[in-house]
Amino acid sequence: MRIPIFLTLSAACVPLAANAIINGRFATNPLLRGVVKVNDDCTGALVGNKCVLTAHHCLAKNRLGEVMLPEFKDSVVVESTKKSKIVSSFSPEYSDKRCYDIEIAVLSESHNMGYNLTSNAVKGHIAVAGWGFLNDYTIPKALQFILYPAQVKYSAEGIVLPVADGVSGIAFRDSGGPLFNCTGNQCSVAGVVNGKSKDSTILKTEHVFCDVRANLAWIKKTLKTHCS
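FYI, the numbering for the sequence shown is -19 to -1, 1 to 209, going by mature numbering (1 follows the signal peptide of the UniProt record, and there is no 0).
Laid out in structure tokens, this is it:
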């Protein structure tokens, strides 16, 4: 069943759907331009000039790997095989007071399609991007994103958001996916999917994200040192 999701990015509404991305094609949209695939099945957001914000556990044991970059053709974004190597990576120290499953991966070259990070609370339009299967797993993994309701809870685990009623969370739990905080057509990364979910049901599941605010000092220092 197709479930339409709407996200206001400007004066006009841009219609999106959980199964809007077929055969690797989807409409150009600010929320998709800096979203990359990290290694085999994780997601990340381009931040700074040559870095990707993702989940710590998404990288290989040597904390390296590669990302798949988006490719632009006319008015659409095409799923691409263009890749960029991860040459180094950094994560915050362990903490029992904040979610620390965050990694900043440095790429071998610069890519100017990234997002700013926000120090504000999540509010307004909230969306998360990730690589997931569509429908009943018969359509291969594709980049998708979903709009969340705005009932935000904060804890040491991070940001907790409920999935909208009637929308499956299966396709959007991929680790490292950016949680966007949007005002008009300006979007910032407010969180990172850390792979946790509350409740075992497919519907009405709560998803957990590492909070950028809780890690902001470390993030800013790392970006300034390694990503400018």
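Cβ coordinates follow ideal geometry from the N, Cα and C atoms, glycine included.
Given that a residue counts as buried once 16 or more other Cβ atoms are within 10 Å of its Cβ, and exposed if not, what is residue i?
i, result
"VAL170", "buried"
"SER76", "exposed"
"SER136", "exposed"
"LEU88", "buried"
"VAL193", "buried"
"HIS38", "exposed"
"VAL16", "buried"
Hey, could you find the ends of the beta strand (DSSP E) residue i is sitting in?
i, result
"ALA198", "Looking at the DSSP string, ALA198 is not in any beta strand (DSSP E); the run it does join, the alpha helix (DSSP H), is 197 to 207."
"ALA26", "23 to 28"
"PRO143", "139 to 143"
"CYS80", "Looking at the DSSP string, CYS80 is not in any beta strand (DSSP E), and its letter there is neither H nor E."
"LEU34", "32 to 35"
"VAL193", "It is not in any beta strand (DSSP E) - VAL193 carries neither H nor E in the DSSP assignment."
"VAL68", "64 to 71"
"LYS18", "16 to 19"
"VAL47", "Checking the sequence, you will find Glu at residue 47 rather than Val. From DSSP, the beta strand (DSSP E) with GLU47 extends over 46 to 49."
Do residue i and the ligand SAH come close, with the Cβ less than 7 Å from some heavy atom?
i, result
"ASN20", "This structure lacks the ligand SAH; in fact it carries no ligand of any kind."
Please report the distance separating the alpha-carbon of residue i from that of residue j.
i, j, result
"ASN162", "LYS42", "31 Å"
"ILE83", "THR62", "25 Å"
"ALA110", "THR24", "8 Å"
"ASP22", "VAL141", "22 Å"
"LEU50", "ARG44", "19 Å"
"THR206", "LEU160", "24 Å"
"ASN175", "TYR96", "19 Å"
"VAL173", "ASN20", "16 Å"
"PHE190", "THR35", "11 Å"
"PHE71", "LYS78", "19 Å"
"VAL48", "CYS208", "16 Å"
"LYS201", "ALA195", "12 Å"
"SER156", "ALA198", "22 Å"
"HIS188", "ALA108", "12 Å"
"LEU27", "LYS64", "13 Å"
"LYS104", "VAL133", "8 Å"
"LEU204", "PRO143", "30 Å"
Would you say residue i and residue j are within 8 Å of each other, going by their C-beta atoms?
i, j, result
"SER100", "LYS31", "no"
"VAL33", "ALA102", "no"
Pull the bridge partners of residue i from the DSSP assignment, please.
i, result
"ALA102", "In the DSSP output, where bridge partners are listed per residue, ALA102 has none listed."
"VAL133", "DSSP lists no partner for VAL133."
"SER169", "ASN97 and ASN162"
With a threshold of 8 Å between beta-carbons, can residue i be considered close to chain B, or not?
i, result
"ALA26", "Judged by its chain identifiers, the structure shown contains no chain B, having just a single protein chain."
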